[in-house]
Ligand code: SF4
Ligand code: MG
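In full-length UniProt numbering, the protein residues as written are 9 to 322.
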């Protein structure tokens with residue numbers, strides 16, 4: 009709720025002045041059990057920071073992260089260990105996140121060594137089981153990361169994330185580094201695992217076609233805020249925020265039902281150190297009104313749990 013991460017930056021001649029990068033500036037959303045919440049936006053909009061703030065890899069400046077009704081945003085590192093059993097992260101680049109000197113088996117086993125009292129035999133058995141769950145084989149456990157393809161490495165990353173039987177998986181650009189055909193295999197695996205295990209996903213991606221494939225509800229982020237949120241259907245069929253409309257119009261789609269004209273956004277993502285006044289999107293907005301330059305639009309429910317922060321819908 010109202011989650012903020014402001015990162016202090018030294019600036020000025022002698023590094024005495026501080027300014028803040030508003031990496032995320034009041035992000036507010038809920039993820040329901042057993043659903044996939046897709047968080048989408050251009051790179052640098054604060055999606056990853058949001059995921060990291062939930063995992064407490066970054067400490068939020070203010071605001072609250074609740075997990076199963078409990079505020080976890082002020083827990084100590086030690087107390088967070090219990091939470092890590094329930095919340096796990098899947099990274100974008102499994103090659104960078106898997107230790108090249110460890111075998112797949114060791115990589116998957118590690119969280120069990122750190123967080124459980126399982127015996128070595130129990131852990132070995134569980135590793136084999138997890139390899140099969142993600143579509144690999146027991147004999148893969150003695151292989152090293154470089155011996156696997158990108159898709160297989162992401163499966164190892166998923167097996168490792170599942171080792172402690174988490175409830176929530178945060179996937180940050182989890183398939184972005186993969187070829188399109190491999191992407192859909194990994195996405196299908198994630199969906200299947202969700203069904204079988206009742207998992208909940210926060211799925212972070214800049215790629216609208218990927219988010220569309222997997223999400224139940226979607227939040228669109230711009231400059232550290234969620235500017236629109238709703239069910240997948242309402243976001244894709246009836247995008248309200250001019251930014252969402254622009255993103256969707258630029259996304260390639262094979263069989264688009266209602267062909268939209270491509271909207272080209274003016275300018276680049278503004279500097280988050282000094283975000284624009286009023287609506288943060290106004291310098292790039294094709295629909296702006298005079299009030300947009302001074303008044304910040306409220307995030308409001310326009311019906312059917314569809315929320316938007318834009319003066320066009322007052
Ligand atoms: Fe555009 Fe104004 Fe809506 Fe912002 S509030 S998105 S500037 S119309
Ligand atoms: Mg990112």
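Ideal placement from N, C-alpha and C gives every residue a C-beta, glycine not left out. If you're wondering where the values come from, they're calculated on a predicted model, not measured in any experiment.
Exercise for the section: Name the two residues that bound the continuous alpha helix (DSSP H) containing residue 97. Expected result: Locating residue 97 in the chain shown gives position 89, where the first residue counts as 1. Residue 97 -> not in any alpha helix (DSSP H); beta strand (DSSP E) instead, spanning 95–98.
Practice task
Could you name the residues of the same chain whose beta carbon sits closer than 6 Å to that of residue 88, not counting the 5 residues immediately before and after it, in chain order?
Solution key: Walking along the chain shown from the start, residue 88 turns up at place 80. Excluding five sequence positions before and after residue 88, the CB atoms of its chain that fall closer than 6 Å to its own CB belong to 64, given in chain order.
Exercise for the section: With a cut-off of 8 Å on the beta carbons, I'd call residue 179 and residue 95 a contact; round off their distance for me. Expected result: Residue 179 sits at position 171 when you count from the first residue of the chain shown. Residue 95 sits at position 87 when you count from the first residue of the chain shown. With 8 Å as the limit, residue 179 and residue 95 do not qualify as a contact, their Cβ atoms being about 12 Å apart.
Exercise for the section: Leaving aside the five residues before and after residue 208 along the sequence, list all residues of the same chain whose C-beta is less than 7 Å from its C-beta, in chain order. Expected result: Position 200 of the chain shown holds residue 208. Counting only Cβ-Cβ distances below 7 Å, and skipping sequence neighbours, we find 39, 41, 42, 43, 175, 176.
Problem - Any non-hydrogen atom of the ligand SF4 closer than 7 Å to residue 53 Cβ - result: Here residue 53 is taken as the residue at index 45 of the chain shown, counted from 1. Answer for residue 53: no, Cβ out of range of the ligand SF4.
Exercise for the section: Kindly list the residues whose CB is nearer than 6 Å to the CB of residue 182, restricted to its own chain and excluding five residues on each side of it in sequence; keep chain order. Expected result: Here residue 182 refers to the residue found at position 174 when the chain shown is read from its first residue. These residues qualify, in order along the chain: 98.
Exercise for the section: For residue 289, verify whether its CB is less than 7 Å away from any heavy atom of the ligand SF4. Expected result: Position 281 of the chain shown, counting from 1, holds the residue named residue 289. Within the cutoff, so yes.
Exercise for the section: Please work out which residues of its chain come closer than 8 Å, Cβ to Cβ, to residue 195, disregarding the five sequence neighbours upstream and downstream, and give them in chain order. Expected result: Numbered from its first residue, the chain shown carries residue 195 at position 187. Excluding the 5 residues flanking it on each side, residue 195 has same chain C-beta neighbours closer than 8 Å at 183, 218, 221, 222, in chain order.
Exercise for the section: Please name the residue, chosen from 315, 93, 239, 165, that lies closest to residue 142 on a Cα-to-Cα basis. Expected result: In the chain shown, residue 142 corresponds to position 134, counting from 1. Closest in C-alpha terms to residue 142, from the list 315, 93, 239, 165, comes 165.
Handout entry: Distance, residue 12 Cα to residue 78 Cα
Key = As a first step, residue 78 must be located in the chain shown, where it is residue number 70. As a first step, residue 12 must be located in the chain shown, where it is residue number 4. Roughly 18 Å between the two C-alpha positions.
Handout entry: Counted within 10 angstroms of its Cβ, other Cβ atoms place residue 67 as buried (16 or more) or exposed
Key = For the purposes of this step, residue 67 is taken as residue 59 along the chain shown, with counting starting at 1. Exposed, since its Cβ has fewer than 16 Cβ neighbours within 10 Å.
Exercise for the section: Flag this pair as yes or no: are the beta carbons of residue 149 and residue 112 separated by less than 8 Å? Expected result: As a first step, residue 149 is located in the chain shown; it is residue number 141 there, counting from the start. As a first step, residue 112 is located in the chain shown; it is residue number 104 there, counting from the start. For residue 149 and residue 112, yes; Cβs fall inside 8 Å.
Handout entry: Secondary structure of residue 306, DSSP reduced to three states
Key = The residue you call residue 306 lines up with position 298 of the chain shown. Here residue 306 sits in coil by DSSP.
Handout entry: Length at least 3, wholly inside the stretch 72–133: the beta strand (DSSP E) runs in chain order
Key = Listed in chain order, they are 95–98.
Practice task
Would you mind working out which of 314, 224, 322 sits nearest residue 303, comparing C-alpha positions?
Solution key: To locate residue 303, count along the chain shown from 1; it is residue 295. The shortest C-alpha separation from residue 303 is found at 322.
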